[in-house]
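All remarks here apply to the structure that follows.
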Amino acid sequence: MSTESQNDETPVSGEGTLLSHLVELRTRLLRIVVVILVIFLALFPFANTIYAALAGPLMVHLPEGSSMIAIEVAAPFLIPFKLVLMLAIVIAVPYLLYQIWAFIAPGLYRHEKRLAVPLLISSTLLFYIGMAFAYFIVFPLIFAFFTASAPEGVSVMTDIARYLDFVILLFLAFGIAFEVPIATILLVALGLTTPKELAKKRPYVIVGVFMVGMVLTPPDIISQTLLALPMWVLFEIGIVLSKFVVKKKQADDSSSDSDAEADEDLDAEFDRAIAQESQLRGGKSDPSEKA
604 MSTESQNDET PVSGEGTLLS HLVELRTRLL RIVVVILVIF LALFPFANTI
654 YAALAGPLMV HLPEGSSMIA IEVAAPFLIP FKLVLMLAIV IAVPYLLYQI
704 WAFIAPGLYR HEKRLAVPLL ISSTLLFYIG MAFAYFIVFP LIFAFFTASA
754 PEGVSVMTDI ARYLDFVILL FLAFGIAFEV PIATILLVAL GLTTPKELAK
804 KRPYVIVGVF MVGMVLTPPD IISQTLLALP MWVLFEIGIV LSKFVVKKKQ
854 ADDSSSDSDA EADEDLDAEF DRAIAQESQL RGGKSDPSEK A
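Each residue of the sequence shown is one higher than the one before, counting from 604 in this note's numbering.
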């Protein structure tokens, strides 16, 4: 077996003690908390402005002069506080993932690292894209539908706490839904399925994404459809990308096989050379023995 293949089958660095791992974990968690706190303190002076921007897709569809309301006494302070804290966590996600990666990477194999790094980066980007899709596409459509559906004589006055919970649910739903290609690629990369088998299950997937849309979104056909359709499209994209993963895996396997064969040939040549040298030495010693 070649040196490269041996390195691929062993972790990059040695194992540390349990105490050293716990100390490192504590240090990295503290770094994450500090970064989130710094981002929170930087954003908190703009908390009301951020909430106004978040409420914008609803406010543009309310009648002129309408406003949102706060039912609880402390809500005008607590809700912007909660929003800024969650926004700080979302912004800190890349740093959070980096710290997690730095903690677990020394114990991973090289081929696991090659798979994990692009998946971590792409999953983060897809989550952000899903949230942006919810804000710029989904919110205007569903809020226009909700406000237009109000019976005549009914004034739409939304509580700021319930609105925040509603949009957070949609942000999470669309952020997670946009991870479908990552899940598809992982299933194929781990050998649990193949792109061909996934394509055969397409009818079940279509039904499944609409069921997911029904569970994760409000009970209206617009938001369910707006969640289900991107999930289906992303599933198809995942199938296409997983085909490249399969091709790359096959190429790596064939390369490993050829390296192993080359190593075996070298070992055989080395053994033959040693045998020939032994025979020559034996032949030279025969005349002296006869004398």
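The C-beta atom is built at its ideal place from N, Cα and C for all residues, glycine as well.
Taking one beta carbon from each stretch, the stretch 806-820 and the stretch 755-762 have fewer than 3 pairs nearer than 8 angstroms; the two do not touch. Assignment of beta-bridge partners to Ile672 by DSSP yields Asp762. Taking C-beta separations shorter than 7 angstroms and ignoring five residues to either side along the sequence, the partners of Leu700 in its chain run Leu723, Thr727, following chain order. Within 10 angstroms of the beta-carbon of Gln882 lie fewer than 16 other beta-carbons, which makes it exposed. With respect to Phe643, Leu686 sits apart: the two C-beta atoms are not nearer than 7 angstroms.
Taken through DSSP and simplified to helix, strand or coil, Asp823 comes out as coil. Residue state for Ala677 is assigned as coil, using DSSP reduced to three classes. Taking 7 angstroms as the cut-off, the Cβ atoms of Ile788 and Val836 do not count as close. Going by beta carbons, Phe769 and Pro660 fall outside the 7 angstroms limit. Between Asp762 and Ile653, the C-beta gap is not smaller than 7 angstroms, which leaves the two residues out of contact.
Counting along the chain, the unbroken alpha helix (DSSP H) around Glu715 starts and ends at 713-736.
Rounded to whole angstroms, Ser725 and Leu773 show a C-alpha spacing of 21 angstroms.
Rounded to the nearest angstrom, the Cβ distance from Phe781 to Pro821 is 19 angstroms, too far for a contact under 8 angstroms.
The Cβ atoms of Gly778 and Met817 lie no closer than 7 angstroms to each other. Bounds of any alpha helix (DSSP H) do not take in Gly794, whose DSSP letter is neither H nor E. Per DSSP, reduced to three states, the secondary structure at Thr620 is coil, with no helix or strand assignment.
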